[in-house]
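What follows is a single structure, written as structure tokens, with notes after it.
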Amino acid sequence: MIWARAAFVFVRVSLGMLVALSFSPPAWGYEHGRSEYGARLHLTSLPAQVRLATPMPGFSDGGRGAMLRAMATWSRVSCGAIGFSFVEANAGEDAPIEVRAVLSGWRHGRVIAAHTDVESDKFTGEIRRVVIELDATRRWSDAENVPADAIDLETVLLHELGHAAGLAHSVQPSAVMRAGLVPGHAPRRALDPDDVAGMCASYAAPVLEKKDKRSVPTDAGRSFVSAPRALALLAALGAGIASWRRRRKARVISRSDPGSARADA
Ligand SMILES: [Zn+2]
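Using our numbering, you'd call the opening residue of the sequence shown number 1 and step up by one each time.
This is the structure:
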């Protein structure tokens, strides 16, 4: 008896632990950028167009390859049915996101090598314009082995494009959105699950919500037969058929047995 009770308590405790383990939320470190009034920053027009406005000196392609690779890395994030993506703007076309190598007059001090300025609607958090600035007077690298005094361009662009999409910094050490890089660091060109979770929190749920809100009034206004009306019609049709069958049966029975017909009516 005592053994049975002990086993029961053990099972209950184990189940309790299982429940506690499976329902504990993952410890994400990402943060969202917020507008002046606290709205979550997000891009509304997807794919988001990016333009290399001022090429980086010292790179044969001006850093465009690194920019396109960083854009592609974020574009691979898929949040259920909705995929987030960046696309390069056509030549001469204005884009909401600009990348500029700043050749002189760097305004952000010696500690900061890159800076992203995000202009947004203070009520909705919709991002209107983004300028990513890179201090061109530093040594930048595109190599797998970053020289001791250089910074990997793709790593930095991946981080700054995260800001362009509305993410703030993460406390997760392995996240791309973690702040701070020292020269000579190893390239960090792949996203951490924390970065992906941050993006999906911005671009999966709100977009789905919006779509639902739009489709409800449109469908109700346009459709000839709404769902409740269709159900009512079906019920009425069913009742009509049942009544017709009862009457028909009554007629058939009344022909053969008038007594039963009265009871059935
Ligand atoms: Zn940053």
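Cβ atoms here follow ideal geometry from the backbone N, Cα and C, with glycine treated the same way.
Taking 7 angstroms as the cut-off, does the CB of residue i come closer than this to any heavy atom belonging to ligand 1?
i, result
"His185", "no"
"Ala164", "no"
"Ala70", "no"
"Thr32", "Sequence inspection shows His at residue 32; the Thr mentioned does not correspond to that position. Not so, every heavy atom of ligand 1 lies at least 7 angstroms from the Cβ."
"His108", "no"
"His42", "no"
"Ala179", "yes"
On a CA-only basis, which of the options is nearest residue i? Give me that one, please.
i, options, result
"Ser141", "Ala66, Ala27 and Gly33", "Ala66"
"Glu98", "Ser104, Val130, Gly80 and Thr124", "Val130"
"Val146", "Leu68, Val77, Glu160 and Gly184", "Gly184"
"His115", "Arg178, Ser104, Arg64 and Asp135", "Asp135"
"Gly162", "Glu144, Ala143, Val196 and Arg138", "Val196"
"Ala91", "Asp194, Val77, Arg64 and Gly83", "Arg64"
"Asp332", "Ala27, Gly80 and Ala101", "The requested residue 332 does not occur in the structure, where the chain is confined to residues 1 to 265."
"Val111", "His159, Asp194, Ala179 and Gly29", "Ala179"
"Cys200", "Arg40, Gly38 and Cys79", "Cys79"
"Leu158", "Arg40, Tyr37, Thr124 and Val77", "Val77"
"Leu46", "Glu31, Phe84, Ala39 and Tyr30", "Phe84"
"Gly38", "Val156, Glu144 and Thr124", "Thr124"
For residue i, which residues from the same chain have a beta carbon less than 6 angstroms from its beta carbon, with the 5 sequence-adjacent residues on both sides left out?
i, result
"Arg107", "none"
"Arg69", "Glu154"
"Asp149", "Arg139 and Pro183"
"Trp28", "Asp194 and Ala197"
"Val156", "Ala114"
"Arg40", "His32 and Gly125"
"Lys122", "Ser35, Glu36 and Tyr37"
Excluding the 5 residues flanking residue i on each side, which residues of the same chain have their C-beta closer than 7 angstroms to its C-beta?
i, result
"Ala89", "Gln49, Val50, Arg51 and Ala95"
"Arg138", "Ala113 and Ile151"
"Phe59", "Asp142"
"Glu160", "Ala114, Thr116 and Ile132"
"Phe86", "Pro47, Ala48, Val50, Met71, Trp74, Ser75 and Leu161"
From the beta carbon of residue i, is the nearest beta carbon of chain D less than 8 angstroms away?
i, result
"Arg100", "The chain inventory of the structure shown lacks chain D, comprising one protein chain alone."
Give the C-beta separation of residue i and residue j to the nearest angstrom, bearing in mind that I take them to be a contact with Cβ-Cβ under 8 angstroms.
i, j, result
"Ile151", "Leu103", "Rounded, the Cβ-Cβ distance is 17 angstroms, inconsistent with contact."
"His267", "Ile127", "Examination of residue 267 is not possible in this model, given that the chain is present from 1 through 265 alone."
"Ser120", "Ser35", "5 angstroms"
"Gly33", "Gly166", "5 angstroms"
Apart from the five residues just before and just after residue i, which ones in its own chain have a Cβ nearer than 8 angstroms to its Cβ?
i, result
"Thr44", "Glu126 and Ile127"
"Glu144", "Pro187"
"Glu93", "Gln49 and Arg51"
Looking at C-beta atoms only, is the number of pairs between the segment 178 to 192 and the segment 57 to 73 that lie closer than 8 angstroms three or more? Because the criterion of three Cβ pairs below 8 angstroms is met, the segment 178 to 192 and the segment 57 to 73 touch.
Taking contact to mean 3 or more Cβ pairs, one atom from each stretch, closer than 8 angstroms, check whether the segment 44 to 56 and the segment 168 to 176 are in contact.
The count of Cβ pairs closer than 8 angstroms, one atom from the segment 44 to 56 and one from the segment 168 to 176, stays below three, leaving the stretches out of contact.
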